Amino acid sequence: MLLELLDIFINNIAPILVIAGIGFIIGKRFELDPRSLGKLTFNVFSPALVFSALSHSALRPLELGQIALAVGMYTALLAVMSYSVIRWRVQGQLQRVSVLLCALTGNNGNYGLPLITLAFGDEVLARAVMVFVAMIFVTYTFGVFVASSGRRSTREALTSIMRVPLIYAALAGLVVNQLHIPIPLALDRSLTLMADGAFPTMLILLGIQLSRVRLTNYGTVALGVGLRMLAAPLAALAVALILGLPEFILIAVIVQASMPVAVNTTVLAMEFELDSEQISGAVLVSTLLSPVTLSFIILALRQWSAGG
């Protein structure tokens with residue numbers, strides 16, 4: 003078992019840490035604005051990746067429904083589990099909302115998609131992309147609602163979603179896929195080249211963002227990290243078993259649910275005047291712990307898949 007864990011770490015997680023580490027060093031050494039790289043990733047590379055992955059995948063309409071239902075049930079279950087703990091352990095509305103936001107938002111794009119590609123390949127990646135897109139809906143609706151403590155209307159939350167390029171890329175990719183629309187070779191190659199730039203750019207950006215994080219408020223940080231790294235995977239596992247999800251979707255949902263706290267959570271925290279230092283600390287600690295937790299989760303899923 004130890005050798006298998008070491009193999010998973012070296013061949014699947016270490017490459018991600020190396021690239022993110024380069025980004026961390028760059029962030030410490032140079033005065034770079036991560037927002038510019040973030041906009042490039044958000045508006046160019048990530049949409050190209052989503053469109054390319056979905057347009058070439060073998061996803062069936064039934065699977066799309068299963069993914070949407072699974073993500074919805076997972077989010078609801080995790081929210082109930084998390085708030086039932088937070089209400090007894092955390093004092094103050096500001097801190098409660100901050101911890102709940104940590105529990106609900108995982109780093110599914112910058113971290114999750116590259117890891118799934120290395121650990122499980124393109125078949126699981128296609129499902130993980132749809133999980134990623136579904137969780138974006140959650141972030142920009144329920145996540146925004148939580149961050150604003152109900153101050154932002156449903157209409158404003160939906161307007162936020164309409165400004166996310168990934169949504170349109172996903173819809174276009176699904177239409178091309180399901181209707182078997184041919185893509186001109188030149189356009190397909192251009193999109194593929196941009197998609198290939200998504201993962202290294204995401205990981206460099208992750209490293210730069212982590213280089214700006216400070217660790218404070220240890221107690222609430224520990225609770226946020228615990229909910230994100232323990233409660234979230236358990237909630238995903240429960241939903242997967244209840245729904246009887248097929249293998250590739252089950253793996254995609256559980257691994258994406260096991261990601262550390264999303265770096266972009268700090269953006270929501272600053273916008274809605276939450277405890278951004280507490281959330282930044284949870285991002286840092288959960289990311290540092292994730293190689294250990296994810297190695298065990300990947301090993302368990304591989305053994306389950308081989309046994310099934």
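Offset between the sequence shown (1-based) and the working numbering: plus 2. From the three backbone atoms N, C-alpha and C, an ideal C-beta is built for every residue, glycine too. Just so we're clear, the structure is a prediction, and the values are computed from it rather than from any experiment.
Residues near residue i by beta carbon distance below 8 Å, same chain, minus five either side
| i | result |
| --- | --- |
| G29 | P36, G209, I210, Q211, L212, S213 and R214 |
| R89 | R98 |
| D198 | none |
8 Å Cβ cutoff met for residue i and residue j
| i | j | result |
| --- | --- | --- |
| V146 | V73 | no |
| V166 | I138 | yes |
| S59 | N179 | yes |
| S288 | I15 | no |
| Q68 | I251 | yes |
| N109 | V265 | yes |
| V135 | V263 | no |
| M261 | G114 | yes |
| A259 | A237 | yes |
| L39 | L207 | yes |
| L61 | M132 | yes |
| V92 | T194 | no |
| E65 | R129 | yes |
| S307 | E249 | yes |
Closer than 8 Å to chain C by CB, residue i
| i | result |
| --- | --- |
| I185 | The chain inventory of the structure shown lacks chain C, comprising one protein chain alone. |
Integer Cβ distance of residue i from residue j, believed to fall under 8 Å
| i | j | result |
| --- | --- | --- |
| F274 | S150 | 5 Å |
| G283 | T218 | 6 Å |
| T204 | T77 | As written in the sequence, residue 204 is Met, which differs from the Thr given in the question. Rounded, the Cβ-Cβ distance is 23 Å, inconsistent with contact. |
| I281 | L103 | 7 Å |
| P17 | L120 | 7 Å |
| L71 | L243 | Rounded, the Cβ-Cβ distance is 14 Å, inconsistent with contact. |
| L7 | L301 | 6 Å |
| L96 | L276 | 6 Å |
| T107 | T267 | 5 Å |
Beta-carbon proximity list for residue i, same chain, < 7 Å, skipping 5 on both sides
| i | result |
| --- | --- |
| V46 | M196 |
| A105 | L80, S84, G226, L229, R230, A233 and A234 |
| L239 | I256 |
| E279 | R216, T218 and N219 |
| L168 | S48, P49, V52, V135 and I138 |
For residue i: DSSP bridge partner residues
| i | result |
| --- | --- |
| V2 | What the structure shows of the chain is the stretch from 3 to 310, and residue 2 is not part of that stretch, so it cannot be assessed. |
Sequence-distant residues of the same chain with beta carbon closer than 6 Å to residue i, five excluded per side
| i | result |
| --- | --- |
| L303 | I253 |
| A171 | P49, V52 and F53 |
| N112 | M204 and L208 |
What are the uninterrupted segments assigned as beta strand (DSSP E) that are 3 or more residues long and contained completely in the segment 61 to 106, given in chain order?
-> Those beta strand (DSSP E) runs which fall completely within the segment 61 to 106 and span 3+ residues do not exist here.
Counting only runs that start and end within the segment 194 to 260, where is the alpha helix (DSSP H) found for 4 or more residues in a row?
-> 200 to 212, 220 to 228, 234 to 245 and 249 to 259
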